[in-house]
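Worksheet: the structure to be examined is printed underneath.
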Amino acid sequence: MTAEYQVHGAVAVITLNNPPVNGMGLVTRTAAVNGIQRALADDAVKAIVITGAGKAFSGGADIKEFNTPQALAEPSLHTFIATAESSTKPVVAAIHTVCMGGGLELSLGCHYRVALPGAQIALPEVKLGLLPGAGGTQRLPRVLGLEPALNMIVSGNPVLSEKLPALFDEIFAADADLLTSAVAFAEKIADVRPLPKVRDRKVDYPNYEAFLQFSRNTVKAMAGPFPAPLECVETVAASVTMKFEDGLKFERDRFLHLIQTTESKALRHAFFAERVASKVPDVPADTPVRPIKSAAIIGAGTMGGGIAMNFLNAGIPVKLLETKQEALDKGIATIRKNYENTLKKGKLTQEKLDQRMGLLTSTLSYEEIGQADIVVEAVFEEIGVKEAVFRKLDEVMKPGAILATNTSTLDVDKIASFTKRPQDVIGTHFFSPANVMKLLEIVRGKETAKDVLATALTLSKKLKKTGVVSGVCDGFIGNRMIEQYSRQAGFLLEEGALPEQIDKAAEKFGFAMGPFRMGDLAGNDIGWAIRKRRYVEKPEISYSKTADLLCEMGRYGQKTGAGWYDYKAGDRKAYPNEQVNAMIVQHSADLGITRRKISDQEIVERLVYALVNEGALILEEGIALRASDIDMVYLTGYGFPLYRGGPMFYADTVGLPNVLAAIRKYAQGHQGQAWQAAPLLQKLAAEGGSFNS
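If you count the sequence shown from 1, position 650 lands on 649 in numbering that gives the first Met the number 0, and the numbers rise without skipping.
Put into structure tokens, the structure is as follows:
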């Protein structure tokens, strides 16, 4: 049973038992409601305790039921809460560890709440683009007061139980046995009448209109394109301005409105996409993983140092290897400086800083890293350099060590072939800055062992990364797609746009950065090196020559103070450069192209649909396991706007026939050969399908 029923003396105990967080799915709700009715029918029972088994009271609704008929089937969560609230015998919620969402709303419908300290209390619905839909916006202000309740609901962040004394009738000692203490509490209040109900309380707040208006203004400024935070303010306002039942109805209306918004659908898509990304069909969840108790990093540059910090932050000792002492010293100094900056911001203690730096050692000798459980290579992006490193690693690393490459575009199978143990080789493509960006592309070679893949996925969680599995191809998922996006950005320059207009259009759409500011941040010389390789390997692919001309001017980006834009010391702002713009205009003239006015809509469509079309090819080839994995790569690694759900989800919301029509239109224009609609896109558009169905 997912809700167990036991009687302790005169107290019935109903224990929610639906691991991992006792989500209140239909089966659990039914069993719990039956339990309350059974207790009411038993004259020997004087009071009822509801608690949760394992590591939670309840995390709320069962996410597996989202968008299914079970979510609304009776007894609904509303019915479950109403059954507890209208019980003629006192109902006590005994809370521990996690009490969130519908779990907190259930407890607010009970007559009493008791808890252990350290329990995480939250209404996190806003993070899914929703608001609490089972009375949370009406009951919490009646218990906590208007201001603290509004803060909790609008932020969605958890608060520890001991910091919310107004919410609980009793908070037990940390070492108390929750069940014994809750049963004793229930016996004590068993005969108290009338039964206290949260709904009967009033929200008292002097001059509440001014406070609510201030809240609206503040939240509107912070919420950006997301509608849910402001709707939270309006529904909490109803707890002051409306009768309880009217407030409940208003909350329900606003909840049903939000659940239909694209923004909420995008947030829920991202929520599920992140959870499913770690599931690989042919690698069972119980695949044994290799222990990772120590790591070695080859290369102490920007990437190597950032990767080392990930391991240090997770408490894993790191040995950093370089060929020259000067490079090592510089790398270690940069790591220390990064930590000291975090310390200055108050986000790290001196003790933590010392502890992390204490886990870091360095060496100039390959022989000294041989016992590491994993080695991550972060050297220059050139196959000859990688070959020398992997041949050396094959010699020195202990059997069973994982050999990982941080390559962003090169062939992982080829790199694996430089060793006698290709089964131990995997791609771990970190994104820059590696100690900040959430994405980790895990590249599975044709020989990569299943336990190595399982270990990399487990490690990604330990490093607080979102691990997404990719097959082997040039550029994997993210960089293969961004190449098409960058090509379109280049062609738009040739046809009449300038970097500033293109970047502004992309940023207005919601990208963290437009393509040219992104190029300046990453280093334009990196793209130049890749194009030079492409000119030899794939001469049939065309590129705008503007980026090459820029690099020939020595404008490599922020690191040189000059790229597509100018940069001033200590200032990340991008200042347009007249020489660069003149070079672009001159290049159009040299090509015989008459420049034209290009709309922001065309800019956005060409950039985003270039991503979508390449994404469809990647799906078809099996490089990505699912469309949501591609979305995850773009949400966590490339600054794609979260409220649009990722490129593939965005294409679904626009409608694939509309995307296809636009691609066919652009195929008639300048460099039209760059547009060849992916067969999968054509097939799904014809069938009325979607990538994420």
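Where is the CB? At the ideal position from N, CA and C, for every residue including glycine.
Check whether residue i and residue j have beta carbons under 8 Å apart
i	j	result
residue 197	residue 107	yes
residue 442	residue 469	yes
residue 112	residue 92	yes
residue 318	residue 295	yes
residue 265	residue 642	yes
residue 380	residue 407	yes
residue 35	residue 13	yes
residue 232	residue 211	yes
residue 120	residue 83	no
residue 369	residue 397	yes
residue 363	residue 327	yes
residue 605	residue 495	no
residue 431	residue 305	yes
residue 627	residue 272	yes
residue 489	residue 543	yes
residue 151	residue 166	no
residue 365	residue 352	no
residue 415	residue 372	no
residue 562	residue 554	yes
Collapsed DSSP secondary structure at residue i in the structure displayed
i	result
residue 480	helix
residue 418	coil
residue 592	coil
residue 51	strand
residue 82	helix
residue 732	Outside the shown range of the chain, which is 0 to 692, sits residue 732, and nothing can be said about it.
residue 466	strand
residue 573	strand
residue 202	coil
residue 95	coil
residue 149	helix
residue 607	helix
residue 210	helix
residue 459	helix
residue 501	helix
residue 475	coil
residue 401	strand
residue 154	helix
residue 169	strand
residue 101	helix
residue 438	strand
residue 526	helix
residue 511	coil
Whole-angstrom C-beta distance between residue j and residue i, which should lie under 8 Å
i	j	result
residue 631	residue 645	7 Å
residue 69	residue 25	4 Å
residue 612	residue 647	So it is not a contact: roughly 11 Å between Cβ atoms.
residue 377	residue 314	Not really, about 20 Å apart at Cβ, beyond 8 Å.
residue 44	residue 72	Not quite, the Cβ-Cβ distance comes to about 28 Å (not below 8 Å), so this is no contact.
residue 516	residue 502	5 Å
residue 54	residue 1	Actually they do not touch by this definition, with Cβ atoms about 15 Å apart.
residue 520	residue 556	7 Å
residue 510	residue 656	Contact doesn't hold; Cβ gap of about 25 Å is too wide.
residue 46	residue 175	About 18 Å separates the two Cβ atoms, so there is no contact after all.
residue 617	residue 609	The Cβ separation is near 13 Å, so there is no contact.
Unbroken alpha helix (DSSP H) run spanning residue i, endpoints
i	result
residue 109	First-last for residue 109: undefined, no H or E at that position.
residue 550	545 to 551
residue 694	The shown model of the chain, from 0 to 692, leaves out residue 694, and the question about it has no answer.
residue 34	25 to 40
residue 394	382 to 395
residue 181	177 to 188
residue 520	514 to 521
residue 140	135 to 143
Delimiting residues of the beta strand (DSSP E) encompassing residue i
i	result
residue 565	564 to 567
residue 119	119 to 121
residue 7	2 to 7
residue 14	10 to 15
residue 318	317 to 320
residue 294	294 to 297
residue 425	424 to 429
residue 374	373 to 376
Proximity test, residue i beta-carbon vs the ligand HEM heavy atom, cut-off 7 Å
i	result
residue 551	With respect to small molecules bound, the structure shown includes none, and the ligand HEM cannot be examined in it.
Identify every run of the beta strand (DSSP E) within the region 328 to 369, keeping only runs that are complete inside it and at least 3 residues long; order them along the chain.
-> Runs of the beta strand (DSSP E) inside the region 328 to 369: 359 to 362.
Whole runs of the alpha helix (DSSP H) within the region 634 to 692, excluding any shorter than 4 residues = Residue ranges of uninterrupted alpha helix (DSSP H) with 4 or more members, entirely inside the region 634 to 692 and ordered along the chain, are 646 to 653, 655 to 665, 678 to 686.
Entirely within the region 231 to 278 and at least 4 residues each: give me those alpha helix (DSSP H) ranges in chain order.
-> Listed in chain order, the complete alpha helix (DSSP H) runs (minimum 4 residues) inside the region 231 to 278 are 243 to 258, 261 to 275.
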